[in-house]
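This report concerns only the one structure given below.
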Amino acid sequence: MSTDASWAENFLESRRTVWVMSAVILCFFALTNLPWQLDDYDQAQQAFTSFEMIKEGHWFFQRTPHERIAQKPPLVGWASAATFAITRSWDIAWRLPSFLTAVVLATILFRAAIAAYGAAAALIALGAFGLNLLSVRLATLVRTDMPLTLVIFLLGLLIWQKIRARESWQPREQWQMLALLTTSMFIKGPIVFAFLLPGIVLFQWFAGKRSGANAWCGWWPWIASLALFSVWVICGIKFVPGFYEQVVMKEFLGRFSQTVHRPEPVLFYLPHLLHKFAPWSLLILALGVLSFRRMRWGIRNLFRQTTPDILWLVCWSLGGLIVMSLVPSKRVDRIYPVVPPLCLLLAAQIAGGFRIRQTDGRVLQWSAAALLFAIVFTGGYTVAKMLSDYRDHADHLEVFSRAVNGRRLRRDAALLAETAFPQAG
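Under my numbering, the first residue of the sequence shown carries the number 1, and numbering increases by one thereafter.
Right, dumping it as structure tokens:
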């Protein structure tokens, strides 16, 4: 092995590198959205749900600041309300659930990768998850994307573990699937079907029978979770005026229409994913081409020769990307749940490259270079965004609202004092 490759190997397998990378990622997660504000990405709508829970006691159905029906199920709002009860800070209560789920997701991803593919590959998987423009942006946004991604990843990871072990599904694992599916339903509705079912179908088609691995846990966890979610929907339709029109017809069914929401081209997600997941998206493609050329597989044999666990990661990622691309209504953050399986797929590719003597040196060097570039690229984005937002006073509306609210409270206190202790006349 060359000197450059040896240096890269020592760098990627060092425990000190893992701790430094973890600290860098945590800093980027915490700093990117400063100063905190609610003006974009529909953050105000999500924030208002937990605010209404605490102030009005509306725990199952809420409204937006514009007096419309809240579009999301209440689970993340419950988490924010519980956090507020502990911290008494709305800024923390709104953002801590996303931040904590990002940290938990990174930890689970790293541990799964190190157990299956080794220390160096696990470090790259951790870097790929934490050092991209999507993760650092969503880690403290007042949105449901990060909690939803964690639950979907846990579902896909459970399937991945069953495929690697080539074991049949036991009742305990089916109950785990039911719990996770129900949780995802009460975060953002049945969108979990779009991210997992296409991949399961593809995997069963390509490898289910010949490999002995089974990605399908059975029908009842899926049907039962949908039935539980349907109870919430039926109650909303029956007891909340406007729920059917605003949530069922416009928010859910309207996503499949070309007129209700602004449609985007079918390939909308692909260039955005290549850019915002760079340099890892490019490294995945480069390692795929390198492996394809080395093994000299034909297109027909590509899926047949791939091991079942890696094939599941491919089907999981591509299935979700394809189905979400077919939905007319698109926004970049909606494709985020495909990022963690892509990180695990990258770890598998790197581990596979290490096993081939002709390519292990190049894989090491490319991986180390991508990691260093990602630190600079993502760090530059974080610093530039913070400086721009502070310079432009991005939180001006929140600062103004706090000032007005503080002045109103002082005025009310003064009036109360005058009423209770009138001046001698």
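All residues carry an ideal CB built from backbone N, CA and C; glycine is no exception.
Three-state secondary structure (DSSP) of Ser168 | coil
Does DSSP put Pro263 in a helix, a strand or coil?
-> strand
Classification of Asp40 by the beta-carbon crowding that lies within 10 angstroms, buried from 16 upward | exposed
Continuous alpha helix (DSSP H) stretch holding Lys55: start and end = 43 to 56
In whole angstroms, what separates the C-alpha of Ile187 from that of Pro147?
-> 8 angstroms
At least one CB of chain B closer than 8 angstroms to the CB of Pro241: is that the case?
-> Structure shown: chain B not included; a single protein chain is present.
Identify which residue in His66, Glu52, Asn132 has its Cα closest to the Cα of His272.
-> Asn132
When the Cα atoms are used, what is the spatial distance from Leu196 to Gln45?
-> 27 angstroms
Using only alpha-carbon positions, find the residue among Leu34, Ile191, Ser225, Gln170 that is nearest to Ala215.
-> Gln170
Report the option in Leu75, Thr378, Tyr117 whose CA atom is closest to the CA atom of Thr182.
-> Leu75
Report buried or exposed for Arg15, applying the criterion of at least 16 other Cβ atoms within 10 angstroms of its Cβ.
-> exposed
Verify whether the separation of the beta carbon atoms of Thr83 and Ala70 is less than 8 angstroms.
-> no
Cα-Cα separation, Leu371 to Thr149 | 23 angstroms
Can you check DSSP and say which residues form a bridge with Ser329?
-> Pro263
With respect to the alpha helix (DSSP H) encompassing Lys238, which residues constitute its N-terminal and C-terminal limits?
-> 220 to 239
Output the boundary residues of the alpha helix (DSSP H) element that contains His272.
-> 269 to 276
Taking Cβ to Cβ, would you say Gly199 is nearer than 8 angstroms to Gly320?
-> yes
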